[in-house]
Amino acid sequence: MTASRRLTLAALAVALVQIGILSWMIVGRATILRDGREVVLEVQPVDPRDLLRGDYVRLGYNVSSLPAELFGEAGMTTEPEPLADGLVVFVRLRAGADGVWQAVAAARGAPPPAAPQPGDVDMRGTADYWPGPSARAVSVSYGIERFYLPEGQGRAIEADLRERRFRMKVAVAGDGTAQIKAFYDGDALIYSEPLY
Amino acid sequence: MASYLSTLRNDVARWRAAGLIDARTGEALLRDAEASHGRGISFGSVLSVLAAVLVGAALLLFVAANWEAFPRMARVALIFVGILVGYVGGAALKARGHAGLGEALWLLAAVAFGAGIALVAQMYQLSGDEAQAVLVWCAGTALAAIALRSHPLTVGAVLLAGAWLLMTATAAGTHDQAPLSWLALAAVLWAVSLWTDSSPSRHLLLLSAMVFAWLVYVDSDSLRAPAILAAVSVAAFALGIWRPDESDRILRLDGALPVHGLLGFIAGMSAIQFEYYDEPEFVYVAIAVFAGVVAALVLAGRSGRMLRWLAYAAFVYELGFVYIALIGTMLDTASFFLAAGLVLALVAVVITRIERRMAAAAAAAGGRP
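Chains as they are written, first to last, in the numbering used here: chain U, 1 to 196; chain V, 197 to 565.
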């Protein structure tokens, strides 16, 4: 094999590996959308002055700030590991009467130990930082705090967000990874995430 | 240079066809020509790399603009085609002797991979962990650098690793600590840079290591990291002075180990000075820095202009530091300008004399620079 053919084959291999990585990411997300369990969360404005950043809006949810009681007695007192993994949080969600799911329990590092009721969904998030034992709430991100917009539509949606109640349908994978699935204005569907 | 190589390639093919030379001679001729002409930076290759960076930036902006005219799968396909054409086309160009253009296409393909990661995040509304995305981008680029033995791609991977370090260390709240795993990443990239023969990558890695020590210092508020940095830098400087050939054979830094040693020493000692800013110990640290700079000048001033100018700059920097910390409160503005003027004039005289003596010594040694 000549040097130039070897180089071309190496280049082809690199291209296929990188395309493979991207495809794997896309298939992984599509799988969550297709097979993940659905929960509905209520959208809350994050910071009224800075909702729109570039071409996406920042979103908060009714489970973005978790009351400390959800973590139980021991949950709040232990210090987190210094590594990022020490801030992983699992929150147990249960459907409410109005269709919006609420947090019923939370734990760090693993799903809450108590046996779940049928229909409950454990969603994985990351605490932004770990407040001390006297804190009353923990701020958690789930990787669904961002909604990309078609160019120029940001301001309109931002204004609406402050006036009306929006809901987000979220797909949750078996390991707790959350993925935005559909965006509702009241009961009207305004965006639905295609599989691919 | 590339054009000469492609001309030669055609000639060799013609000579072989005409039976003037055999295949082995042809290969040997081409290898020799590539070894002596393929290296070095030509204006054309610099321009093509710059062009690649610009087109890459356009590609990134194109995706970031969330252009709705294309269906999203078309955008993904565009990225995939960009990656495929970039790598394979770059290899084809390089094989034909257009090394600069080939490398530029590879860079473009690596940028397309990064744009692809951003596109997936945009398609599926992913938030958070941009640092993770940059790390994946860095790993993909490093892989390409290894497989294609590419120097520019190695530099790209090193820069992405630096970006990951900064993003992780400054991320709001989540894990605001300089990641120790960067050291492992840097070690891997160092090995890659030896394989791809990319000494700029090694220089950048050493500079990143100094930034890393500073980030650890700022995060932990402990002087351990800067102290280690200063000590290792002194050792590196000593090694570079007393065993220049051996150390360069192992580290392959183009003989710049003393320069990095001096820079690391200044960076480490600066952190220590910041810590002792209002304490009486400040004077001793300042004296140590001045002594270090003068020692570097005396011991290694001969080894290169770069080191001398770094030493002069460090001297002036340290003077400013000491002035702000100590004397600033004692002198009024007018006397400061007078004192600064006198000191700078003195420094200028000293620099001129050292440089003249260096030039004379170089001339006496037979015109070596």
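Backbone N, C-alpha and C fix where the C-beta goes; we use that ideal spot for every residue, glycine too. As the structure is a prediction and not an experimental result, all values here were calculated from the model.
Contact belief for residue i with residue j at Cβ below 8 Å, rounded distance in angstroms
i                 : j                 : result
Ala305 of chain V : Ala15 of chain U  : 7 Å
Phe461 of chain V : Val430 of chain V : 6 Å
Ala467 of chain V : Tyr413 of chain V : 5 Å
Ala426 of chain V : Gly464 of chain V : 3 Å
Glu69 of chain U  : Lys181 of chain U : Not really, about 29 Å apart at Cβ, beyond 8 Å.
Leu179 of chain V : Arg271 of chain V : Nothing can be reported for residue 179 of chain V: it is not among the residues displayed for chain V, which extend from 197 to 565.
Leu495 of chain V : Ile550 of chain V : Actually they are not in contact, since the Cβ atoms of Leu495 of chain V and Ile550 of chain V sit about 13 Å apart, beyond 8 Å.
Trp320 of chain V : Gln179 of chain U : First, the residue type needs correcting, since residue 320 of chain V is Tyr and not Trp in the sequence shown. The Cβ separation is near 6 Å, so the contact holds.
Trp360 of chain V : Val407 of chain V : No, Trp360 of chain V and Val407 of chain V are not in contact; Cβ-Cβ is about 12 Å, not under 8 Å.
Leu400 of chain V : Val354 of chain V : 5 Å
Gly252 of chain V : Leu303 of chain V : 7 Å
Leu66 of chain U  : Val138 of chain U : 5 Å
Asp415 of chain V : Ala374 of chain V : 6 Å
Asp514 of chain V : Val489 of chain V : In the sequence under discussion, the amino acid at residue 514 of chain V is Glu, which differs from the Asp named in the question. Going by Cβ atoms, the distance from Glu514 of chain V to Val489 of chain V rounds to 7 Å, so yes, they are a contact pair.
Arg92 of chain U  : Pro111 of chain U : 7 Å
Where residue i falls: helix, strand or coil (DSSP)
i                 : result
Leu237 of chain U : Any answer about residue 237 of chain U is impossible in this case: the structure gives chain U only from 1 up to 196.
Ser192 of chain U : strand
Phe166 of chain U : strand
Arg49 of chain U  : Here Arg49 of chain U scores only 49 on pLDDT, less than 50, and its place in the model should not be relied on; the value that follows carries that caveat. Reduced to three states, the DSSP call for Arg49 of chain U is coil.
Arg66 of chain U  : The sequence shown places Leu at residue 66 of chain U, rather than the Arg named in the question. Strand at Leu66 of chain U.
Gly125 of chain U : strand
Gln321 of chain V : coil
Ala171 of chain U : strand
Ala329 of chain V : helix
Status (buried if at least 16 other CB within 10 Å, exposed otherwise) for residue i
i                 : result
His371 of chain V : Below a pLDDT of 50, predicted positions are generally treated as unreliable, and His371 of chain V, at 48, falls in that range; the measurement from the model is reported next regardless. Classification for His371 of chain V: buried.
Thr548 of chain V : exposed
Thr364 of chain V : buried
Met502 of chain V : exposed
Arg49 of chain U  : At Arg49 of chain U, the pLDDT of 49 sits below 50, so the modelled position is not reliable and the matter cannot be decided from this model.
Leu376 of chain V : exposed
Phe266 of chain V : exposed
Arg197 of chain U : No answer is possible for residue 197 of chain U: it lies beyond the span of chain U, which begins at 1 and ends at 196.
Val534 of chain V : For the sequence presented, residue 534 of chain V should be read as Leu rather than Val. That one is exposed.
Gly96 of chain U  : exposed
Leu289 of chain V : buried
Gly352 of chain V : buried
Asp218 of chain V : exposed
Ser192 of chain U : exposed
Thr350 of chain V : buried
Leu226 of chain V : buried
Ala410 of chain V : This sequence places Trp at residue 410 of chain V; Ala is not what is there. Buried.
Arg398 of chain V : buried
Arg29 of chain U  : buried
Ile446 of chain V : exposed
Start-to-end residues for the alpha helix (DSSP H) that takes in residue i
i                 : result
Ala38 of chain U  : At residue 38 of chain U the sequence reads Glu, which differs from the Ala that was named. Element bounds for Glu38 of chain U: not the alpha helix (DSSP H) but the beta strand (DSSP E), 37–45.
Tyr61 of chain U  : Run containing Tyr61 of chain U: none in the alpha helix (DSSP H); it sits in the beta strand (DSSP E), 56–61.
Ala291 of chain V : 268–291
Tyr472 of chain V : No alpha helix (DSSP H) contains Tyr472 of chain V, which DSSP labels as neither H nor E.
Asp450 of chain V : Element bounds for Asp450 of chain V: n/a, residue is neither H nor E.
His399 of chain V : 395–416
Phe71 of chain U  : No alpha helix (DSSP H) contains Phe71 of chain U, which DSSP labels as neither H nor E.
Gly488 of chain V : 478–496
Thr2 of chain U   : Counting along the chain, Thr2 of chain U falls outside any alpha helix (DSSP H), and DSSP gives it neither H nor E.
Leu376 of chain V : Neither: Leu376 of chain V is in no alpha helix (DSSP H) and is coded neither H nor E.
Trp438 of chain V : 420–438
Pro348 of chain V : 347–366
Gly516 of chain V : 501–521
Range of the contiguous beta strand (DSSP E) that encloses residue i
i                 : result
Ser141 of chain U : 137–141
Phe147 of chain U : 146–148
Val184 of chain U : First, the residue type needs correcting, since residue 184 of chain U is Tyr and not Val in the sequence shown. Taken as a continuous stretch (DSSP letters only), the beta strand (DSSP E) holding Tyr184 of chain U covers 178–185.
Trp101 of chain U : 101–108
heavy atom of the ligand HEM below 7 Å from residue i C-beta
i                 : result
Pro111 of chain U : With respect to the ligand HEM, the structure offers nothing, as it holds no ligand at all.
Contact with chain B by residue i, beta-carbon distance below 8 Å
i                : result
Ile26 of chain U : Of the chains in the structure shown, none is chain B; the protein chains are U and V.
*asked:* With three or more C-beta pairs closer than 8 Å as the rule, is the stretch 240–247 of chain V touching the stretch 295–315 of chain V?
replied: Three or more Cβ pairs drawn from the stretch 295–315 of chain V and the stretch 240–247 of chain V lie within less than 8 Å of each other, which places the two stretches in contact.
_At least 3 beta-carbon pairs within less than 8 Å: the stretch 2–12 of chain U vs the stretch 24–38 of chain U_ = With the cut-off at 8 Å, the stretch 2–12 of chain U and the stretch 24–38 of chain U do not touch.
*For the stretch 173–189 of chain U against the stretch 206–220 of chain V, are there 3 or more C-beta pairs whose distance is under 8 Å?*
Of all C-beta pairs linking the stretch 173–189 of chain U to the stretch 206–220 of chain V, fewer than three are shorter than 8 Å, placing the two stretches out of contact.
*asked:* Closer than 8 Å is the cut-off here; do at least three beta carbon pairs connect the stretch 330–347 of chain V with the stretch 389–405 of chain V?
replied: These segments touch.
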